[in-house]
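Below is one structure; the comments refer to it alone.
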Amino acid sequence: MKALARLWRRLPGTAKAGVIMLGVFVLIAIIGPEVTPYDPGVTTPLQAASPSSAHLLGTTQTGQDVLSQFLIGVRLTLELAFWVGVIATALSVIVGVTAAFLGGIWDEFLSLVSNVFLVIPALPLLIVLLGFLNGTSAGQGQLPVILVLSLLGWPWGARVVRAQALSIRSRDFIAAARETGERGWRIIFFDIIPNIISLIAASFVNTVLYAVGASVALAFIGLTDPNSWSLGTMLYWAQLGNALQIGAWWWYVPPGLAVALLGTALVLLNTGIDELTNPRLRDARSATKIAGRRVWPTDPTPVLGALNGRGGLAGLARPFGRKSLIDEAALARIPGGNAEKAGEL
Amino acid sequence: MQFILRRLAFYLVAAWVAITANFFIPRAMPGDAVDAILAKFPNLLPPARKALEATLGTGDQGSVWSQYVSYLNHVFHLDFGASLSNYPTPVTTIVANGVYWTLGLVGVATVIAFTLGTGLGILAGWRAGGRLDRALPAMMFLQATPYFFLALLLIQVFGITLGYFPVAGAYDGINYTPGWSWAYFTNVLDHAFLPALTIVVTSVAGWMLQMRNVMVTTVGEDYVVAAQAKGLPDRRVIFTYAARNALLPQLQGFGLALGFVVSGALVMEIVFSYPGIGYLLLNAAASKDTPLMQAIFLLITIAVLAANLLVDLVIVLFDPRVRTREAT
Numbered sequence: 001m002k003a004l005a006r007l008w009r010r011l012p013g014t015a016k017a018g019v020i021m022l023g024v025f026v027l028i029a030i031i032g033p034e035v036t037p038y039d040p041g042v043t044t045p046l047q048a049a050s051p052s053s054a055h056l057l058g059t060t061q062t063g064q065d066v067l068s069q070f071l072i073g074v075r076l077t078l079e080l081a082f083w084v085g086v087i088a089t090a091l092s093v094i095v096g097v098t099a100a101f102l103g104g105i106w107d108e109f110l111s112l113v114s115n116v117f118l119v120i121p122a123l124p125l126l127i128v129l130l131g132f133l134n135g136t137s138a139g140q141g142q143l144p145v146i147l148v149l150s151l152l153g154w155p156w157g158a159r160v161v162r163a164q165a166l167s168i169r170s171r172d173f174i175a176a177a178r179e180t181g182e183r184g185w186r187i188i189f190f191d192i193i194p195n196i197i198s199l200i201a202a203s204f205v206n207t208v209l210y211a212v213g214a215s216v217a218l219a220f221i222g223l224t225d226p227n228s229w230s231l232g233t234m235l236y237w238a239q240l241g242n243a244l245q246i247g248a249w250w251w252y253v254p255p256g257l258a259v260a261l262l263g264t265a266l267v268l269l270n271t272g273i274d275e276l277t278n279p280r281l282r283d284a285r286s287a288t289k290i291a292g293r294r295v296w297p298t299d300p301t302p303v304l305g306a307l308n309g310r311g312g313l314a315g316l317a318r319p320f321g322r323k324s325l326i327d328e329a330a331l332a333r334i335p336g337g338n339a340e341k342a343g344e345l
Numbered sequence: 001m002q003f004i005l006r007r008l009a010f011y012l013v014a015a016w017v018a019i020t021a022n023f024f025i026p027r028a029m030p031g032d033a034v035d036a037i038l039a040k041f042p043n044l045l046p047p048a049r050k051a052l053e054a055t056l057g058t059g060d061q062g063s064v065w066s067q068y069v070s071y072l073n074h075v076f077h078l079d080f081g082a083s084l085s086n087y088p089t090p091v092t093t094i095v096a097n098g099v100y101w102t103l104g105l106v107g108v109a110t111v112i113a114f115t116l117g118t119g120l121g122i123l124a125g126w127r128a129g130g131r132l133d134r135a136l137p138a139m140m141f142l143q144a145t146p147y148f149f150l151a152l153l154l155i156q157v158f159g160i161t162l163g164y165f166p167v168a169g170a171y172d173g174i175n176y177t178p179g180w181s182w183a184y185f186t187n188v189l190d191h192a193f194l195p196a197l198t199i200v201v202t203s204v205a206g207w208m209l210q211m212r213n214v215m216v217t218t219v220g221e222d223y224v225v226a227a228q229a230k231g232l233p234d235r236r237v238i239f240t241y242a243a244r245n246a247l248l249p250q251l252q253g254f255g256l257a258l259g260f261v262v263s264g265a266l267v268m269e270i271v272f273s274y275p276g277i278g279y280l281l282l283n284a285a286a287s288k289d290t291p292l293m294q295a296i297f298l299l300i301t302i303a304v305l306a307a308n309l310l311v312d313l314v315i316v317l318f319d320p321r322v323r324t325r326e327a328t
């Protein structure tokens, strides 16, 4: 708990926002399906009604309750993305760590396989695969989409994990573990994997993001089971039911906005993980004030620029401003310093 | 040289895997074009299946191996047969008609998004934490928006409510005939505006974020500090010293994106009924038109592989480290 609290404090503000947004979605996904006011598939004579107290988000063209569809849609979409994240990340860790640990011909082979999967375009392949599955008994529910997305979603993570595991494998503590006779699997699970856990987390978040985007797009073009109420399926029916033409914004805006916000939350979370692991990105956020001016870490260290006589610093960078970074007049006042010399550095 | 040969060998393997997968996927999957046609016309009698199979050539064709060999032979001659859903138009004709719409629209939009995003990324990375940089979360929202959703909104606002732009197709086929006339040209531009805007708005943030992150790291390098200490103008430090070096990973991404231009913004084309490759692929998938699907998928894969190879060549040219690393 204490470790979590410390981690939370170290997170940059944007990442915190991402965590909170994601938390709201997870909450909706957990309790949403329990509190749906209506059955999402049941049609009623109340067609394309705007939001009212009976139907908080209005109804679809066939009189289905939009709120109920939305609550279940968040659940199904998150569920799908979560499982794709778990399966694909597990695959990428297995492949990446194995390749790095075994080395030699195994490494060559596994790297080749993941690189081939990486360059083969995923979305067209998904369309081809799901085009065949759709409408058959094998294409029902979310399972085929989860499997197909996982199968195509692991190579990038595997590549990153392999690179990192390779650099860890060559460190002294791994050599020491080998010398003391630790078995291979123990080294993998207790020495290598704990050291790449942040990388695995980033890879998981990325995969979830990919799964949300791809599954919603595929459902929208009608390549998944149209009777499973994911957010993409809602958009599919909205498009099919001419929600735009009849001006039923309450029908297509909630699912679209939810996907956009969910995606934003994941991207924010990921930049947070990036900043935790890359100190340069983290420091870059903080412009400090020196002598009343904002100074970025990218500015030259203010030693060359001498005091300009009024107590402020001379010669700090201004974007696209003065020609020279160095206040030549100030420099001239420093014994032995002149602008030409500085230019010849 | 060794590096390039290695890459070339890799792309050959990748192409072979794609071609082979392309052969086996339709055979491993349930349902085929005949099923799709029979489902469309439920009052066809059972003998119709035999007739359809004979016409389309989807019936018994000998052993898998001999089929595979003849398939490879056809692929090398770019002969994909006749489309099953538009029988008997050759697949190559259909694909050729679609590909230039996609290339024109998505190609131009990708170049615009890349240039704009990279430029903004340079500025945001130079002043990390500055005003532009703090707008990034808003940009991320745009990036995370499913682009077909944005397309729907644009259609609603600019197409239907305001009526500024046409919302479907690549040109007005009733009032304009394709040719080198100004009127036709502006009509095509009119039709391409909303789709292109969709692509640019949703992809610019990705370019910007990547460029910004590399830029932030590069700006901390000693040679940038040295350039500033020399008193070089900011503009020169930013573009000639920092951005130039930060551009390499960006170029890599650009090459990949160029490869994906051919696959197009598949879903976007579907929303705008734009007659490009993505639209064709979806229709082919829906009618289980195997030859057309295979041809499009191969075209896309080859384009991606070619773009990757091109990027490798460019990187060898621009990055001396790759050349020296070859020895290891």
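Protein chains in written order, with my numbering: chain A, 1 to 345; chain B, 1 to 328. Where is the CB? At the ideal position from N, CA and C, for every residue including glycine. Just so you know, these numbers come straight off a predicted model, no measurement behind them.
Nearest-angstrom beta carbon gap, B/Val-91 and B/Leu-292 [assumed within contact, 8 Å]: 5 Å
Just to confirm, does A/Pro-194 get its C-beta within under 7 Å of one of the non-hydrogen atoms of the ligand GDP? Here there are no bound small molecules, and the ligand GDP is not part of this structure.
Since B/Asn-308 meets chain A, which of its residues come closer than 9 Å, beta carbon to beta carbon? Val-119
Near B/Ile-315, what residues of its chain come up, given a Cβ to Cβ distance below 8 Å and the 5 sequence neighbours on each side ignored? Leu-248, Leu-251, Gln-252 and Val-322
DSSP state of A/Ala-48, grouped into three classes? coil
Looking only at DSSP bridge pairs, what is B/Pro-90 linked to? B/Ala-82
Run through the stretch 161–236 of chain A for me and flag every whole alpha helix (DSSP H) of 4 or more residues, listed as ranges in chain order. 172–179 and 197–220
Going along the chain, which residues of its own chain have a beta-carbon closer than 6 Å to the beta-carbon of A/Trp-154, five neighbours each way excluded? Ala-88, Leu-91 and Ser-92
Within 8 Å, strictly: CB atoms of B/Val-95 and B/Leu-299: yes
Of all Cβ atoms in chain B, is any one closer than 8 Å to the Cβ of A/Val-74? no
Just the chain A side, please: which residues come within less than 7 Å of B/Pro-291 by C-beta, in chain order? Going along chain A, no residue has its Cβ under 7 Å from B/Pro-291, so there is no contact; the nearest lies around 12 Å.
Top-ranked residue by Cα proximity to B/Leu-154, from B/Ala-286, B/Lys-50, B/Leu-197 and B/Ile-174: B/Leu-197
Using CA coordinates, which residue listed in B/Val-224, B/Gly-255, B/Leu-256 and B/Phe-185 is at the minimum distance from B/Tyr-241? B/Val-224
According to DSSP, residues forming a beta bridge with A/Thr-59: A/Asp-65
Looking at C-alpha atoms only, which residue of B/Ala-306, B/Tyr-87 and B/Thr-93 is the closest neighbour of B/Leu-78? B/Thr-93
Nearest-angstrom Cα separation, counted from B/Pro-26 out to B/Phe-297: 12 Å
Expressed to the nearest angstrom, what Euclidean distance is found between the alpha-carbon atoms of B/Phe-158 and A/Gly-247? 14 Å
Going straight from the alpha carbon of B/Tyr-68 to that of A/Gly-213, what length do you get? 35 Å
Neighbour list for B/Leu-266 in chain A, Cβ cutoff strictly below 9 Å: Leu-123, Pro-124, Ile-127, Ala-217 and Ile-221
Going by the CB atoms, is the gap between A/Gly-232 and A/Leu-218 shorter than 8 Å? yes
At least three beta-carbon pairs within less than 8 Å, the stretch 117–124 of chain A to the stretch 302–309 of chain B: yes
Reducing DSSP to helix, strand and coil, say where A/Ala-332 ends up. Here the model assigns A/Ala-332 a pLDDT of 49, short of 50, so the residue's position is not dependable, and the following value carries that caveat. In this structure, A/Ala-332 counts as helix in the three-state DSSP scheme.
Just tell me which of B/Leu-52, B/Thr-20 and B/Ser-273 has its CA closest to the CA of B/Val-167. B/Ser-273
So which of A/Leu-269, A/Pro-226 and A/Leu-261 has the shortest CA-CA distance to A/Gln-140? A/Pro-226
Quick one: list the residues of chain A neighbouring B/Pro-178, beta-carbon separation under 8 Å, in chain order. Neighbours of B/Pro-178 on chain A: none; closest Cβ ~27 Å, over 8 Å.
Got a sec, what are the start and stop residues for the alpha helix (DSSP H) A/Ile-273 sits in? 249–277
What first and last residue would you give for the alpha helix (DSSP H) that runs through A/Lys-16? 13–31
Is there a C-beta anywhere in chain B that falls below 8 Å from the one on A/Phe-101? no
Quick check on this structure: which residue in A/Glu-182, A/Leu-199, A/Gly-103 and A/Leu-149 has the alpha carbon closest to the alpha carbon of A/Ser-170? A/Gly-103
In chain order, what residues of the same chain have a beta carbon less than 6 Å from the beta carbon of A/Gln-243, not counting five sequence neighbours either side? The sequence as given places Ala at residue 243 of chain A; Gln does not occur at that position. Correct list, in chain order: Trp-251 and Tyr-252.
Does B/Lys-230 come out as helix, strand or coil in the three-state DSSP assignment? coil
Counting only Cβ pairs nearer than 8 Å, list the residues of chain A close to B/Val-13. Leu-112 and Val-116
Could you work out which residues of chain B lie near A/Gln-245, taking near to mean beta carbons separated by less than 8 Å? Ile-160
So what does DSSP say about B/Gln-67, is it helix, strand or coil? helix
Use the C-beta contact count for A/Trp-237: other C-beta atoms within 10 angstroms, 16 or more gives buried, fewer gives exposed. buried
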